[in-house]
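Data first, discussion second: the structure below is written as structure tokens.
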Amino acid sequence: MGRSPCCEKAHTNKGAWTKEEDQRLIDYIRNHGEGCWRSLPKSAGLLRCGKSCRLRWINYLRPDLKRGNFSDEEDEIIIKLHSLLGNKWSLIAGRLPGRTDNEIKNYWNTHIKRKLLSHGIDPQTHRPVKDSVAVAKTASVIVPPQNDAVISKTENSSDNGASTSGTTTDEELRQNGDCYYSDNSGDMELNLDLTLGSGSTSWVGSGHVVVGGSSADSKPWRDTAMAARLSLL
DNA sequence: AACTACGTCAACCGCCCAGAA
DNA sequence: CTTCTGGGCGGTTGACGTAGT
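Residues in the first sequence are numbered consecutively from 74, following our numbering.
Next comes the structure, spelled out in structure tokens:
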């Protein structure tokens, strides 16, 4: 059983893209825009899978991509958002203009994970590997001011959080919010300002959960709504 | 200089979801 | 309502470059 393959694999190239292939893809999208990825390769004269074209364009060829090293500010935003969202790289990427989910994912796995571990922080749970409050005092993020709306979230912690795969449930999201990036050392509280949208599409949300609480409490930023609003960016 | 180990990142794979039929 | 299809996402792989011995 299983679904049919996304393309005719017998006649498609794989591996690294050549300059000629890149140019064909760029030219085609310039002329026709991003359309049906499945039919694009044929139309553009590329022996590539549609998915491969899409990935190449999104992760590498798009003109608005910001290449180069991540700034400290971007680092902190990634860490904060990961503590809140888990491995939702596309959502995190949505908060970092010019960065792609793939790039952020790679950066997380190669740099930030190690950085957190070296500070004694578990990169999945965002909590100290050991009960070392000192090392937990790490970062405080101020989201860049180009954004409008604000989510303030104060969260308790009772469990570890970041989901490693699959759908993020409300419970997981709650747990993901559990982190140690607070200015208040030892205080199990997260203050995270997230600015969502801009202009007419901006959205303001706030939530507060009393430390020690176990239920969802009043939480306006539920999983899907959060995702949808972040994706508006 | 040669070899090995490690780090980085582009690309692929398979699954999931939303919308169309 | 069910099935099919395309797009999108997260996890993983593997090629390549660099540092260390």
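Note that beta-carbon positions come from the ideal geometry of N, C-alpha and C, so glycine has one too.
query	result
Between the stretch 122 to 135 and the stretch 152 to 161, do at least 3 Cβ pairs fall closer than 8 Å?	no
Look at the alpha carbon of D148 and the alpha carbon of K139, and state the distance between them as a whole number of angstroms.	15 Å
May I ask you to report which of helix, strand or coil DSSP gives P114?	helix
Hey, quick one: how far does the alpha helix (DSSP H) through N179 stretch, first residue to last?	174 to 180
Where do the ends of the alpha helix (DSSP H) carrying H105 lie?	92 to 105
Residues in the same chain with beta-carbon distance under 8 Å from S238, minus the five sequence neighbours each way, listed in chain order, please.	Note on S238: pLDDT 35, under 50, position unreliable in the model; no value is reported.
Could you check the C-alpha separation between C122 and P114 for me, to the nearest Å?	7 Å
Near Y180, what residues of its chain come up, given a Cβ to Cβ distance below 8 Å and the 5 sequence neighbours on each side ignored?	F143, I151
How many Å lie between E107 and S125 at the Cα?	14 Å
According to the neighbour-count rule (16 or more other Cβ atoms, all chains shown, within 10 Å of its Cβ), is E93 buried or exposed?	exposed
Identify, in the order they occur along the chain, each residue of the same chain with its Cβ nearer than 8 Å to the Cβ of I177, setting aside the five sequence neighbours on each side.	I151, W162, I165, A166, L169
Relative to the alpha-carbon of D95, which residue among T183, S191, A117, P201 has its alpha-carbon at the smallest distance?	A117
So L56 and I99 are supposed to be a Cβ contact under 8 Å. How far apart are they, rounded?	A query on residue 56 cannot be resolved here, the shown segment of the chain reaching from 74 to 306 and no further.
I need the DSSP call for S205, collapsed to helix, strand or coil.	Residue confidence for S205 is low, a pLDDT of 38 falling below 50, so the modelled location carries little weight and cannot support an answer.
P196 and I185: beta carbons closer than 8 Å?	yes
Round the Cβ separation of L119 and R97 to the nearest angstrom and send it over; I've been treating them as touching at under 8 Å.	6 Å
Name the one or two DSSP bridge partners that I150 has.	Answer by DSSP bridge pairing: none, since I150 is not bridged.
Buried or exposed: H199, going by 16 or more other Cβ atoms within 10 Å of its Cβ?	buried
Within this structure, are the beta carbons of D137 and G88 separated by less than 8 Å?	no
Between which residues of its own chain and N86 is the CB-CB distance below 7 Å, once the five residues before and five after are set aside?	L120, R121
Return the CA-CA distance between K188 and N182, expressed in angstroms with no decimal places.	10 Å
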